[in-house]
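Asker:
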Amino acid sequence: MTSVSKRVVVAMSGGVDSSLAAALLVEQGYDVVGVMMRLWSEVANGVASANKCCSLDAVDDARRVADRLGIPFYLINVEQPFKQRVVDFTINSYLAGETPNPCIQCNRHIRFDYLYNYALSLGADFLATGHYARVRVEENRETQKRGNEENQRSGGMQYQLYTGVDSAKDQSYVLHVLTQEHLAHVLFPVGEFAKP
């Protein structure tokens, strides 16, 4: 249990990994808030989406998990920034002959920008996801050599992104865009476990 109840916003998808992340944090005594991002409308231009990550069933699943855990749950609409920053980027990259990774763009611009700032607006100390990755804090000798101002800001510490314990499920590669600020305020509870 944490000594002081810190608030954590958990990015929920309705899937097992984010649900487990939320449950682990509740069990550890955090003040947990579940948030699901609506990335895409169920029906766009009269055509039903085959993408289940944003389906009404997924929203219902996430809401049921939140209810079962006794945590508040919010659905936030990020369709417009997702289309502009992820979908349009991906299409334009393909048209330019490139092979983009939309997950990296989503993490950079949506999950760890838009959602991160939303979490801060709710008074959260941390944003948590169901990614299989880990964060470690290490002493930064370079920062300590640079002088007092920077040393005081970082406390002489540096956050490092590590692979998840389960190398077959590791997702650290899509998180390499995270800054020191993000890493200081992100939790990956399932990164310490192997997925059965």
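So in this note's numbering, spot 125 of the sequence shown is number 115, and the numbers just go up one at a time. Cβ atoms here follow ideal geometry from the backbone N, Cα and C, with glycine treated the same way. Fair warning: this is a prediction, and the values are worked out from it, not measured in the lab.
Which value, in whole angstroms, describes the spacing of the CA atoms of Glu88 and Leu177?
Answerer: In a straight line, the C-alpha of Glu88 is about 32 Å away from that of Leu177.
Asker: Which word fits Gln70, buried or exposed, when buried means at least 16 other C-beta atoms lie within 10 angstroms of its C-beta?
Answerer: Exposed.
Asker: I'd like to know if the region 45 to 58 and the region 73 to 85 are in contact, where contact means that at least 3 CB-CB pairs between them fall below 8 Å.
Answerer: Contact between the region 45 to 58 and the region 73 to 85 is absent, because fewer than three Cβ pairs lie under 8 Å.
Asker: Between Val127, Gly154, Arg53 and His166, which lies nearest to Ala174 when the distance is taken from Cα to Cα?
Answerer: The residue with the shortest Cα to Cα distance from Ala174 is Val127.
Asker: Considering only residues of the same chain and omitting the five flanking positions on each side of Ile100, which have a CB-CB separation below 8 Å?
Answerer: Met27, Leu29, Val68, Pro71, Phe72, Arg75 and Val76.
Asker: Taking the alpha carbon of Leu165 as the reference point, which residue from Asp115, Asn107 and Pro92 has its own alpha carbon closest?
Answerer: Out of Asp115, Asn107 and Pro92, Pro92 has the C-alpha closest to the C-alpha of Leu165.
Asker: What do you reckon, are the CB atoms on Val22 and Val55 nearer than 8 Å?
Answerer: No, they are not a contact pair.
Asker: When we look at the beta-carbon of Val6 and count the other beta-carbons within 10 Å, is it buried (16 or more) or exposed?
Answerer: Exposed, since its Cβ has fewer than 16 Cβ neighbours within 10 Å.
Asker: Reducing DSSP to helix, strand and coil, say where Leu117 ends up.
Answerer: Strand at Leu117.
Asker: Which word fits Pro179, buried or exposed, when buried means at least 16 other C-beta atoms lie within 10 angstroms of its C-beta?
Answerer: Classification for Pro179: buried.
Asker: Hey, could you find the ends of the beta strand (DSSP E) Leu151 is sitting in?
Answerer: Taken as a continuous stretch (DSSP letters only), the beta strand (DSSP E) holding Leu151 covers Met147 to Thr153.
Asker: Can you tell which of Gly120, Val167 and Ile94 has its C-alpha closest to the C-alpha of Ser8?
Answerer: Checking every option, the nearest Cα to that of Ser8 belongs to Gly120.
Asker: Among the residues of its own chain, which have a CB less than 7 Å from the CB of Gly16, if the five just before and after it don't count?
Answerer: Correcting the residue identity first, residue 16 is Val in this sequence and not Gly. Within the same chain, Val16 has close Cβ partners Val22, Leu59 and Ile61.
Asker: Cutting at 8 Å between CB atoms, please list the residues of its own chain near Leu105, excluding the five before and the five after it.
Answerer: Taken in chain order, the residues that qualify are Val(-1), Ala1, Val25, Met27, Ile66, Val68 and Leu117.
Asker: Excluding the 5 residues preceding and the 5 following Asn97 in the sequence, name in chain order all residues of the same chain whose CB lies nearer than 8 Å to its CB.
Answerer: Val164, Leu165, Val167 and Leu168.
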